[in-house]
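All remarks here apply to the structure that follows.
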Amino acid sequence: MLRERELIIVGGGPAGMAAAIAAHESGVRDILVLERDYCLGGILNQCIHTGFGIRHFKEVLAGPEYADRYVNQIQSIPEIEISIKSFVVKLTREKVLTYLKPGQMHEVKAKAIIMATGCRERTREMIHIAGTRPSGIFSAGLAQRLMNIDALLPGKEVLVVGSGDIGLIMARRFTLEGAKVKGVVEIAKTTRGLVRNRVQCIEDFNIPIYFSHKISKIYGRNRVEAVDVVQVDDTYKEIQGTLFKVPCDTILISVGLIPENELMEMAGVKLDKKTNSPVSDGLNKTSIPGIFSCGNSFKVYDIVDSVTRDSILAGHLAAEYLKGAK
Amino acid sequence: MKRYDVVIIGGGVVGASIARKLSQYRLKIALLEKEEELAFGVSKSNSGIIHPGTQNPPNSLKGHLCVQGNYLMRKIAMDLGVDFKEVGELIVAFQENEIPELLRLKKEAELLGVPGLEIVDRAWLRKREPNLNAEACAALYAPTAGIVSPYRVVYDNAENAVRNGAEIHTLAEVEAITKKDTFFVIRTKKGIFNAKYIVNSAGLFSDRIANMVGINDFYVHPRKGEEFLLDKKKENLTNHLIFPLPTKTSKGILIIKTSDGNPMIGPTAEDVESKDDLSTSDEGLAKVISAAKRLVPSIDENDIISYFAGLRPASGKDFIIRREKSVPGFITVAGIQSPGLTAAPAIAALVCRLLGESGLTFKRKIFFHAHRKKTIHLFTISPEHTKSLIRKDPAYGDIVCRCEIVSRKEIEDSISRGARTADGVKFRTRAQAGRCHGTFCTSRVLKILAEKCKKPVTEITKRGKGSEIVKGEKRVA
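These protein sequence lines map, in sequence, to chains Y and F. Under the working numbering, think of the first position of the first sequence as 9, with each following residue one higher. Under the working numbering, think of the first position of the second sequence as 484, with each following residue one higher.
This is the structure in structure tokens:
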């Protein structure tokens, strides 16, 4: 017999935690939160910069502080079981979940599931940058983890590709750690990130930012040695004669985020091919009744405060569904 | 100073296969590799196809070795615990007037002894290969084509050779070879090796090694191939390996099934100057996409999760495998481009024969450990098996790479089996090879490597010295 649970939430980041607490408030009394990492908090743990919580808490917090408020709250609720180091390998349409954790493998059936699996960064491979494949090419998030969690310096002469928020924040971070940021290269005419990040992370540190530019080639056999930067026209085509070479040892890729929805896809949830978000007729809903999605796995949000706001709604929605199912 | 019966120069698929073959006999063997790990040269970019033997001239050495190798590889794969999947290949014609060409290929392959060939029609194709371009009107079907992981063939051959007494020395680039009385003195970056016989299987650099003993009659031209790997979700894009009709210089751009599930499209074929030009290009991508879409129109550029370039060590049209009469005891194995992986077991057998003709005597070992326990990959086994493994060793339940589902245990195992670099771990386990490209697991892979290799994290490299992943410890405020 499969063990059956009322509500299982996959992901213990800000979205999963807010949804769990909200579902509990709405009366759900059997909740299991599965978190693959060693602790709750998700990606907030590596976001040691401030700017979180301005809307939600009316305070300026660092990422781990914002996470901590929810971690403390969720841990004080006995009806919410938290399972860390728990990696879900399978999800079916019938809402049967298989997960591994050190020493254990479990199969459980849930009456309702909230997927709060966050998002991942688009890679160099997805934007097809030509050239070699040396070490020194990092997604901005990996560089952030290496610096802020592992206390390592990924590189000393850095070029940032894309002006996503993580890229801008990491440009400042590298500068503060004594590395030289050679510039930010953005293919669009304007920054993708928040205005405050453009001002506080780039302009305040006199980091050159190249709009309507892209990098067209990476050089270096073992380690990045240089990149070609070239200006593009309105259709993103290279403009002849504008190419210049920038010597650097590190490339940070910050070219957007995609919801991480492989499990939902496995279960047969309809996903939008372009955005990888669930095709939905309402906030946090999916094409399979009883499987909900919230936070960045539903759609990529700019700020965590909005993730929290909408994930609370997901918790209530799942609770309502469970009441109806009874 | 150590003396060896045979020193093999070059630790790719050819060198590793020869080492394993020779390790059956009572011989002292060393395999020398200039890179930090084996398979870091030509072999790392191999597409993993075990060719049936089609598309080779009937009188060619490579054609014969390919057909033999296709047969031998099955047993070797079974002995070594390497997955061999016989998926079959289709060489596709789009117009009725191309059918005679298919018939010609069939005839040539039959002369080489390729079994089971069949010309299949449109209806057959629609039924068994539904994603194939509907305009395809016929194909040459070769059922004996298969796929393996090229890395695992190298690593598992090498591991088994070591188990049977062979030595492997990495970072041992050969700098000079001299002959002293009856043996060769091989000076390397790892010291001096003396050997009665040398097998030169140095891939792109086999001409350089040959020059060291005064052989100057061949030159290895690097011919670049760019390949593009698709998301594992597209595993069932095709049921067979799909080939267009071959051109004069290459087998064309293919739809390749790989042993780990991700389809691959490519390769291009372009002669380049430099033996370390591994760059990919926008033109290469455009060429591959358009050619692949012609075969399977539903291929989407957005499904590409990775790409790389490899260099084929081309030297003339055929393999060069011979004993050098001017340098007794020196065996040349050069120009091993496609179908080198397939032919490798047959090349190893041929090299043994040539060594015998050069005077080496072979005595079988009483105990030869022919079998190797299969390496475990969670992504390939059943849930029940996974469950029992986790119960035995909790580290199987500690998932490090989320895209490819690779546990800490598998990564630690790969390091005990010889992985020393992030790429070495990737080639053996697939950790960092998935759609997030290592964003989520690189930090942990680094730490596990550092811990197991007893090195600081700052010394862990992607593929050897100079490719350190991080530049230093962060300043402590």
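Built from N, CA and C at the ideal position, the CB exists for glycine as well. Treat the numbers as computed from the prediction; the structure is a model and nothing was measured.
Q) Taking only beta-carbon atoms, is S143 of chain Y less than 8 Å away from chain F? A) yes
(Q) Between V489 of chain F and chain Y, is the shortest Cβ-Cβ distance under 8 Å, so that the two count as touching? (A) Interface criterion not met: the Cβ of V489 of chain F is under 8 Å from no Cβ in chain Y.
Q) Relative to the alpha-carbon of S506 of chain F, which residue among F:E710, F:C884, F:A644 has its alpha-carbon at the smallest distance? A) Restricting attention to F:E710, F:C884, F:A644, the CA atom closest to the CA of S506 of chain F is found in F:A644.
Q: Note down, in chain order, every chain F residue with its Cβ under 8 Å from the Cβ of S262 of chain Y.
A: The contacting residues do not exist; S262 of chain Y stays about 11 Å from chain F at best.
(Q) Distance check for R200 of chain Y and L291 of chain Y, CA to CA, integer angstroms please. (A) 24 Å
Q. In chain Y, which residues lie less than 7 Å from S789 of chain F when you measure between Cβ atoms?
A. Contact note: S789 of chain F reaches chain Y through E133, using a C-beta cutoff of 7 Å and chain order.
Q) Exposed or buried, what is S319 of chain Y when buried is set at 16 or more other beta-carbons lying within 10 Å of its beta-carbon? A) It counts as buried.
Q: Give the secondary structure of R13 of chain Y by DSSP, where H, G and I count as helix, E and B as strand, and everything else as coil.
A: When DSSP states are grouped into helix, strand and coil, R13 of chain Y belongs to the strand group.
**Q.** Residues of the segment 849 to 870 of chain F whose Cβ lies closer than 7 Å to any Cβ of chain Y, in chain order
**A.** P866, T869, K870
Q. Measuring CB to CB, does K307 of chain Y end up less than 8 Å from F300 of chain Y?
A. no
Q) If you run the structure through DSSP and keep just helix, strand and coil, what is K672 of chain F? A) Coil.
Q.
Short of 7 Å Cβ to Cβ, which residues in the segment 109 to 138 of chain Y face chain F?
A. Per Cβ criterion, the list reads K109, P110, G111, Q112, M113, R128, E129, T131, E133, H136, A138.
**Q.** Limits of the beta strand (DSSP E) - the one that A513 of chain F falls within
**A.** 512 to 515
**Q.** Residue burial classification, Y244 of chain Y (beta-carbon count within 10 angstroms, cutoff 16)
**A.** Y244 of chain Y counts as exposed, since fewer than 16 other C-beta atoms from the protein chains shown sit within 10 angstroms of its C-beta.
Q. Is the shortest distance between the beta-carbon of S543 of chain F and the beta-carbons of chain Y less than 8 Å?
A. no
Q: Flag this pair as touching only if the segment 688 to 705 of chain F and the segment 829 to 846 of chain F have three or more C-beta atom pairs under 8 Å; answer yes or no.
A: no
Q) Beta carbon of L40 of chain Y, beta carbon of E89 of chain Y: below 8 Å? A) yes
Q: Would you tell me roughly how many angstroms separate the C-alpha atoms of E14 of chain Y and D38 of chain Y, rounded to the nearest one?
A: Approximately 5 Å between the Cα atoms of the pair.
Q: Compute the Euclidean distance between the alpha carbons of A933 of chain F and K892 of chain F, then round it to the nearest angstrom.
A: 15 Å
Q | Cutoff 8 Å: V953 of chain F Cβ touching any chain Y Cβ | A | yes
Q: Return the bridge partner residues of G221 of chain Y from the DSSP annotation.
A: It should be pointed out that residue 221 of chain Y corresponds to His in this sequence rather than to Gly. H221 of chain Y pairs with Y:Q239.
Q: Taking only beta-carbon positions, decide if V97 of chain Y is within less than 8 Å of chain F.
A: yes
Q.
Between I882 of chain F and chain Y, is the shortest Cβ-Cβ distance under 8 Å, so that the two count as touching?
A. Interface residue, yes.
Q.
Please classify V79 of chain Y as buried or exposed, where buried requires at least 16 neighbouring CB atoms within 10 angstroms.
A. V79 of chain Y comes out buried.
Q.
So G949 of chain F contacts chain Y; which residues on that side make the cut at Cβ distance below 7 Å?
A. Here the neighbours are N230, R231.
Q) Around the C-beta of S147 of chain Y, are 16 or more other C-beta atoms found within 10 angstroms, so that it is buried, or is it exposed? A) buried
Q) Are the beta-carbon atoms belonging to A628 of chain F and G708 of chain F less than 8 Å from one another? A) Between A628 of chain F and G708 of chain F, the CB-CB gap reaches or exceeds 8 Å.
**Q.** From F:L794, F:P540, F:K909, F:E942, residue whose alpha carbon lies closest to that of S632 of chain F
**A.** F:K909
Q: For M25 of chain Y, decide whether its Cβ has a neighbour in chain F, counting only Cβ atoms nearer than 8 Å.
A: no
**Q.** Residues bridged to G139 of chain Y [DSSP beta-bridge criterion]
**A.** Y:I226, F:T763
(Q) Let me check one thing: in DSSP terms, what residues is C127 of chain Y bridge-paired to? (A) Y:P267
(Q) Check whether chain F comes within 8 Å of T243 of chain Y, counting only Cβ atoms and requiring the distance to be less than that. (A) no
Q: Flag K945 of chain F as yes if its beta-carbon sits less than 8 Å from any beta-carbon of chain Y, otherwise no.
A: The C-beta of K945 of chain F comes closer than 8 Å to at least one C-beta of chain Y.
**Q.** contact_flag[the segment 17 to 26 of chain Y, the segment 46 to 65 of chain Y] where n(CB pairs < 8 Å) is 3 or more
**A.** yes
Q: May I ask you to list, following chain order, the residues of the segment 301 to 325 of chain Y that have a beta carbon less than 8 Å from some beta carbon of chain F?
A: So the list is empty, because no residue satisfies the distance condition.
Q. Under 8 Å Cβ-Cβ, which residues of chain F neighbour R44 of chain Y?
A. What R44 of chain Y touches in chain F: I882, R885.
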